[in-house]
Each structure stands twice: as structure tokens, then as C-alpha cells.
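Chains as they are written, first to last, in my numbering: chain A, 24 to 362; chain B, 24 to 362.
Don't be surprised by glycine CBs; every beta carbon is placed ideally from N, CA and C.
This one's a predicted model, so the numbers in the text were calculated from it and none came from an experiment.
Here's the structure, in C-alpha cells; my notes come after.
2 protein chains.
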Amino acid sequence: MGLVIPLEDSKRRASASLEPLLDLVAADMQRVNELILSKAGSNVSMIPEVANHLISSGGKRLRPMLTLAAARMFNYRGEGHIKLAASVEFLHTATLLHDDVVDESEMRRGKLAARMLWGNQASVLVGDYLLGQAFRMMVEVGSIEALDVLSTAAAVIAEGEVMQLSVAKNMSTTEDEYLAVIRAKTAALFSAASEVGPIIAGGDRAMRAAFRSYGTNLGLAFQLIDDALDYGGSQADLGKKVGDDFREGKITLPVVLAYRRGSDQERDFWRRVLEKAEIGDGDLEKAIGLIRSHRAIEDTVERARHYGSVARDALAPFPDSPHRNALIEVVDFCIERAH
Amino acid sequence: MGLVIPLEDSKRRASASLEPLLDLVAADMQRVNELILSKAGSNVSMIPEVANHLISSGGKRLRPMLTLAAARMFNYRGEGHIKLAASVEFLHTATLLHDDVVDESEMRRGKLAARMLWGNQASVLVGDYLLGQAFRMMVEVGSIEALDVLSTAAAVIAEGEVMQLSVAKNMSTTEDEYLAVIRAKTAALFSAASEVGPIIAGGDRAMRAAFRSYGTNLGLAFQLIDDALDYGGSQADLGKKVGDDFREGKITLPVVLAYRRGSDQERDFWRRVLEKAEIGDGDLEKAIGLIRSHRAIEDTVERARHYGSVARDALAPFPDSPHRNALIEVVDFCIERAH
């Protein structure tokens, strides 16, 4: 194994940022945001209330930006990318609403989860409404290929959530099993959001494959860094507090690695807190200590770097352009969140 | 991206070796070899001739050793592991015979390929015979679960070979598409060979999952290092010469990376030599030069390291034992081949 010196990286270039991407898609994103607000509307007043609670809670809207930038990179001149981008954000929002019900989460992006304010039933049904609206917008765009990619992603995401149920209380989950979950749960939507760009722009098979690969691997890197941050990131990130995953009994890669590398006694601890959910004072600190002692955060970040490298190489063949470079910088941005 | 200093590794410990594994399974392997020779026999004299040409050509028999070590690690006391190990080697041998026909290869392990001596038809049919014998031995063992895992692997391998046909002449193949090929073509058998160990030893779900993950990731690392060696390894390795993949127009990760990172002019070169198979004097040297200039070998090895790390963590939970440690050392051995 090589010795990794992450500092070398910051010497090589200034820290990566989302700004170039934000700037490039700003005008389009303004329209996406308007569409999102309008399509979350309904005469049933609870629907916009619940939807807007989450929609206006300050997510980065990274996924729809991928769609916009990918379409524009191939000089797409139509209107379809706005609707597809809004659909992508709706698919994501619907997933979050349903997730919080399934996970019994109390907080989301630093605010009370919708289910704490309007209840589980409303969260489930408004999620379904957003899914329906997402499909209506996709259909309006009229690209069967884009519909195919996004509807497949919607099914795969649901499959991933179900997979996660079986992983949730099982400490013997392997890294591969965990990866299969996040590949479905997170990476599938990043992948579809990216691939529909070249699709509506009339891109060829190679362009589609490159963006599918970019999105998948960016999504994996993004989720792994998220997992790492939950056991040691700054509180500011995404409104999550350190230890949210721990308190919810989620089994993520830092835990998988620490468990597998731990002693029998340590494994007893992990089974007690995560399988049996018997969490007491000081257990989060103990968990973080074990994760640190087994270098599980560093190695989770290292795994994320691997996927980030694959995502970068996916876009390598395209000519130097502001959109391509901004999309590549997103990879660096996602990984540098961990520093 | 971190800076990787592989030298740190060799300082940390002496170079890894297959010896501990070879020593542990020596007695069992002796019986596997006898079984292989006996089951490759037939009254149709061409069958043992063709089969033994390849069987006696000095492969490392790594895959059956994984089966033996995995079964013994869980204190398996029966006889089934011998037959399963021989089946695994037969599946592998059958694949090689068929591969050489499909790829029109002239050499295999430093000798003329069987098809050069007995023809394509004999190579295909003797491959089929070995597949049949492999299944007969599996059935004799009587474990439906082991049969399920190995027969699934056999189907997946064939699927991978077909996938490779479509990848073969397509320079726009992404890294993910290439990985899907080697996951099927190589990693599936490593995975099955490893998983049937705990299966016949009565291991639980977690043990099976760990060995499946170990085998898969070891297989991926093994194949990626093989790919890297083909563009810069020593001639001695596996009887392959540098550039075999190049001459056969095989698209492997070093080429995928060099192509994606290259200029338009460089991509014209790759398409000419690999898609159109117009290879002239100096083209191999030029290919190696391009691969070096884009650090494609280093990064292929880096990708292999990633999978190697996952394989190691798959076996991390098991108590310290000679078998576990030897299996982990196999990972290091496979990766260090690239140094």
C-alpha cells in the first residue's frame, strides 16, 4: 500500500469549488427553481406546505445542476433540460421525504423533518405527488430515452432503499454489500441526472456512457464523503450533526471498516449500539474513537478518491471547456469536503 | 488526490509471496492435481492430449488454492473441497481454451496455444468436455449451494466474454464498462472459488459474503495488475510477452485511461491500432510511450490497490490464523507483481 499525503493536493491547486458550475448554470437554474415552485403547487394546500418546507431548506441542488451543465456542454438549445432538471430534483426530494419516514429521522438539513410537522402519512403522500409530477414533466419533454433512464433510476433508488433495510441492522455487512446499496440509493440518480444531458442534446453512445460513468462515480464519492463527515466532519455541512448516522443506527462504510478491523470486544460494542440500538452516554465518542483508531475515516476518504478518479477519467476525453472543467471540479469539491 | 509513494510499502514489510498459501494447501493440492489429471482423461485420446497441454503448462492454480484454503480455514474435514477445487480449475481451463479460439491467440503461458496444435474445433470441444466434467464433480459433492454459486459463475463468465466482444473494438469504452467485463470474466470465478470454501464448511451468511467479497476484489486487482504488466511488466510473468494484449487488439484499463486522457491525434493512433488493427513497426513502443506519458500504468495499479484494500478488509473480521493471513498475503502478492 502506498502512503497517501493529502496535503500534496492542496499544494497543487487552490481548493475546488462549486462556484464555476453555479455560475455556468445560474440562468437555467433560476428557471428550474421557478418550475420547482410551480410544480410543487396544488389546490390541496398541504402539498405545497410540505413540499416547500423541504424544497426551500437550502439543499445545494447539485443533481439538477449536473443535468443542466451536461446538456449545455453539448450545446443543447431547447427547453427540455429545465424540466428534466426539475424532475431530477423532485425525484431526490421525494426520496428524502420517504427516507425520513423509513428512518424515523427527526431532522433534515438542520430543520425538523417534514414528518415531525405534518406526520408520516403526509410525508409519504407528498413524496408520491412529487414523483408523479416528476414523471409528468419528463413525459412533457418527450424523450423516450431520457424517460427510460430516469424511470429506471427511480426504480433502482427504491430498490436501494429496500436493500438498505436489510443492511441496516446487520453488522456483518461487507463493503461490497454497502457499496451495492449506495450505488442504487445515491449513485443511480447522479448517474441518470448526468446522462440525460447528452441524451436530450443528441449525444452518441460514447457521450452517454461517459456521463453515466461520471455520475455514478461522482455519486459514490459524494456518498462516501458524506459517510465520513458524519463521524468527523464539521457541523455546518448539510445541516447534519456529527453522529446522525450513528444515532439512526445506519451502517455506513466507516462503521463497516471499523467493525471488520476491530477486536471481538469492539465488535460487541458495535452490535450493541447499531444492531440493538442500545446507545448510552459516551457511546458516540467511543464509536468515533474506534473509527479513528482503525483509520476508517481516512480509508473511507481514500475509497472516495478512487471513485473520484474514475469520474474524472470519464470526462477526460471531452475537449477543454468551461462546462467540462466545472463538472470535473465538482468531483474535487465533493472530495475536499472531507478536509 | 493524494501522492502515492509505493516505496513506503516495501519498507513496511518484506515482499509478499504465495509461499504461505502453497505450504498450507500442499497436501490437498497434490490430491487436486491427481484428480485433475484423472478427470481430464478419456478414451478419446485427443481429449487428454489437448487438456493436458494446457493443464501441464505451469499455471499457478491460484483459484483452486483459494477454495482449499477457504474450506480449511473453517475447519472443513470432508472430501468435497478437493472436487470443488478441481472443478474451479476446470472451469478456468475451459475458459482459456475457448478464449484462445475467440481471440485467435497463438500463445498461452509461453507455449503454442492448443488451437495452434489441434485446431479451433478441438479446443472448443475439449473446453466443453472440461465444463461437463467440472459440473459432474460439483454434483458429486452434493452441495446445492456450491452448485448454485459455481454454475452462476460459469454463466457470468460466458456473459463477460460476450461483453468483451462488444468492448473489443470500441475505444470509447469507459472504465466502468471495462470493469463490468473483468468483474464477469475474471472476478466471478475468484469469487465463486472463494465462496464455496465456507459453503461446504457450513459457514454462515456473513462468512460467505466475506469470501465472496474477498474473491471478487482479489480478482479485480489481479486482472488490473495483469493488464498493467502487459504494457510494462517483466517478460517472465505468466509466459506473457509485453504487448500481447496490444497485438490482440484487447482494450484494457491502461489503454482506456491513455485514450481518454490523450489528444485528438493520440486518439486517432489508438483507433487505428486497436479498432482497425493496423499495427506497424514501432506502434507497440509508441503505445507504451503514450501509456507512460499519461501515467496510465501507475493509475491502473492504483485502481488495483483500491480493490486489494477492499479484499483485505473483507477478511479482516476473522481471527488471526495461518489460512486467513496467507489469503491476505495473496492480495499483496498479486499487487506487488507490478513492482
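Output the distance between the C-alpha atoms of residue i and residue j, rounded to the nearest integer angstrom.
{"i": "Lys264/A", "j": "Trp141/A", "result": "23 Å"}
{"i": "Ile167/A", "j": "Ala232/A", "result": "17 Å"}
{"i": "Ala211/A", "j": "Leu154/A", "result": "16 Å"}
{"i": "Pro221/A", "j": "Ala310/A", "result": "44 Å"}
{"i": "Asp126/A", "j": "Glu271/A", "result": "7 Å"}
{"i": "Glu129/A", "j": "Arg138/A", "result": "8 Å"}
{"i": "Ala244/B", "j": "Gly238/B", "result": "10 Å"}
{"i": "Ile205/A", "j": "Gly183/A", "result": "7 Å"}
{"i": "Val124/A", "j": "Ser38/A", "result": "36 Å"}
{"i": "Ala337/A", "j": "Ala177/B", "result": "30 Å"}
{"i": "Phe97/B", "j": "Asp51/B", "result": "15 Å"}
{"i": "Glu359/A", "j": "Arg132/A", "result": "20 Å"}
{"i": "Arg284/B", "j": "His76/B", "result": "41 Å"}
{"i": "Val48/B", "j": "Thr118/B", "result": "24 Å"}
{"i": "Ser257/B", "j": "Asn56/B", "result": "Any reading at Ser257/B needs caution, since the residue's pLDDT is 49, under 50, leaving its predicted position unreliable; the model's value is listed next. Taking the straight line joining both Cα atoms gives about 28 Å."}
{"i": "Ser110/B", "j": "Ala93/A", "result": "48 Å"}
{"i": "Glu308/B", "j": "Phe269/B", "result": "11 Å"}
{"i": "Leu313/B", "j": "Ala281/B", "result": "7 Å"}
{"i": "Phe213/B", "j": "Asp171/B", "result": "15 Å"}
{"i": "Val219/B", "j": "Arg84/B", "result": "16 Å"}
{"i": "Met230/B", "j": "Ser236/B", "result": "10 Å"}
{"i": "Arg315/A", "j": "Gly242/A", "result": "24 Å"}
{"i": "Gly165/A", "j": "Ser79/A", "result": "28 Å"}
{"i": "Arg3/B", "j": "Ala191/B", "result": "As displayed, chain B neither begins before 24 nor continues past 362, which places residue 3/B out of reach and without an answer."}
{"i": "Asp322/A", "j": "Leu44/B", "result": "27 Å"}
{"i": "His346/B", "j": "Arg228/B", "result": "19 Å"}
{"i": "Met194/B", "j": "Gly82/A", "result": "38 Å"}
Could you check what DSSP says for residue i in three-state terms: helix, strand or coil?
{"i": "Arg132/B", "result": "coil"}
{"i": "Phe234/A", "result": "helix"}
{"i": "His121/A", "result": "helix"}
{"i": "Val366/B", "result": "Lying before the first or after the last residue shown, residue 366/B is absent from chain B, which here runs from 24 to 362."}
{"i": "Pro277/A", "result": "helix"}
{"i": "His362/B", "result": "coil"}
{"i": "Asn193/A", "result": "coil"}
{"i": "Tyr152/B", "result": "helix"}
{"i": "Ala339/A", "result": "coil"}
{"i": "Ala157/A", "result": "helix"}
{"i": "Leu313/B", "result": "helix"}
{"i": "Leu350/B", "result": "helix"}
{"i": "Val67/B", "result": "coil"}
{"i": "Glu218/A", "result": "helix"}
{"i": "Tyr254/A", "result": "coil"}
{"i": "Lys299/A", "result": "coil"}
Use the C-beta contact count for residue i: other C-beta atoms within 10 angstroms, 16 or more gives buried, fewer gives exposed.
{"i": "Asn240/A", "result": "buried"}
{"i": "Leu175/A", "result": "Inspection of the sequence shows that residue 175/A is occupied by Thr rather than by Leu. It counts as exposed."}
{"i": "Val67/B", "result": "exposed"}
{"i": "Asp46/B", "result": "exposed"}
{"i": "Gln144/A", "result": "exposed"}
{"i": "Ser332/B", "result": "buried"}
{"i": "Gly226/A", "result": "buried"}
{"i": "Gln288/B", "result": "exposed"}
{"i": "Leu202/A", "result": "buried"}
{"i": "Leu350/A", "result": "buried"}
{"i": "Gly101/A", "result": "exposed"}
{"i": "Glu301/B", "result": "exposed"}
{"i": "Asp291/A", "result": "exposed"}
Please look up how many angstroms separate the CB atoms of residue i and residue j, rounded, as I've assumed it's under 8 Å.
{"i": "Val147/A", "j": "Ala74/A", "result": "Not a contact, Cβ separation roughly 13 Å."}
{"i": "Ala251/B", "j": "Ala361/B", "result": "5 Å"}
{"i": "Ile223/B", "j": "Ala169/B", "result": "6 Å"}
{"i": "Glu163/B", "j": "Lys106/B", "result": "6 Å"}
{"i": "Thr196/A", "j": "Val279/A", "result": "6 Å"}
{"i": "Glu112/A", "j": "Ile59/A", "result": "6 Å"}
{"i": "Arg405/B", "j": "Ala216/B", "result": "Beyond the ends of chain B as shown, which are 24 and 362, falls residue 405/B; an answer cannot be given."}
{"i": "Ala108/A", "j": "Leu120/A", "result": "Not quite, the Cβ-Cβ distance comes to about 19 Å (not below 8 Å), so this is no contact."}
{"i": "Gly266/A", "j": "Asp253/A", "result": "7 Å"}
Should residue i be listed as close to the ligand NAP, given that the test is whether its C-beta is under 6 Å from any heavy atom?
{"i": "Asn98/B", "result": "The ligand NAP is not among the ligands present in this structure, which contains no ligands whatsoever."}
(message) Tell me which residues of the segment 182-202 of chain B have at least one Cβ-Cβ distance to chain A shorter than 9 Å, keeping chain order.
(response) Here the close residues are Asn193, Met194, Ser195, Thr196, Thr197, Glu198, Asp199, Glu200 and Leu202.
(message) Can you pull out the residues from the segment 277-299 of chain A whose beta carbon lies closer than 9 Å to at least one beta carbon of chain B?
(response) Correct list: Val279, Leu280, Tyr282, Arg283, Arg284, Gly285, Asp287 and Arg290.
(request) Output, in sequence order along the chain, the residues in the segment 71-84 of chain A whose CB is closer than 8 Å to any CB in chain B. (result) Residues of the segment 71-84 of chain A with a Cβ closer than 8 Å to any Cβ of chain B: none.
(message) For the segment 338-356 of chain A, list every residue whose C-beta sits within 8 Å of some C-beta in chain B, in sequence order.
(response) Ala339 and Pro340
(request) Name, going along the chain, the residues of the segment 106-133 of chain A whose beta-carbon falls closer than 8 Å to a beta-carbon of chain B. (result) Listed in sequence order: no entries.
(request) Return the residues of the segment 233-251 of chain A that lie within a Cβ-Cβ distance of less than 8 Å from chain B, sorted by chain order. (result) Those residues of the segment 233-251 of chain A that come within reach of chain B (Cβ to Cβ, closer than 8 Å) are Ala233, Arg235, Ser236, Thr239 and Asn240.
(message) Can you pull out the residues from the segment 306-330 of chain A whose beta carbon lies closer than 8 Å to at least one beta carbon of chain B?
(response) Cβ contacts with chain B come from Asp322, Glu325, Arg326, Arg328 and His329.
(request) Check distances from the C-beta atoms of the segment 211-235 of chain B to those of chain A and list, in chain order, the residues that come in under 8 Å. (result) Arg228, Ala229, Ala232, Ala233 and Arg235
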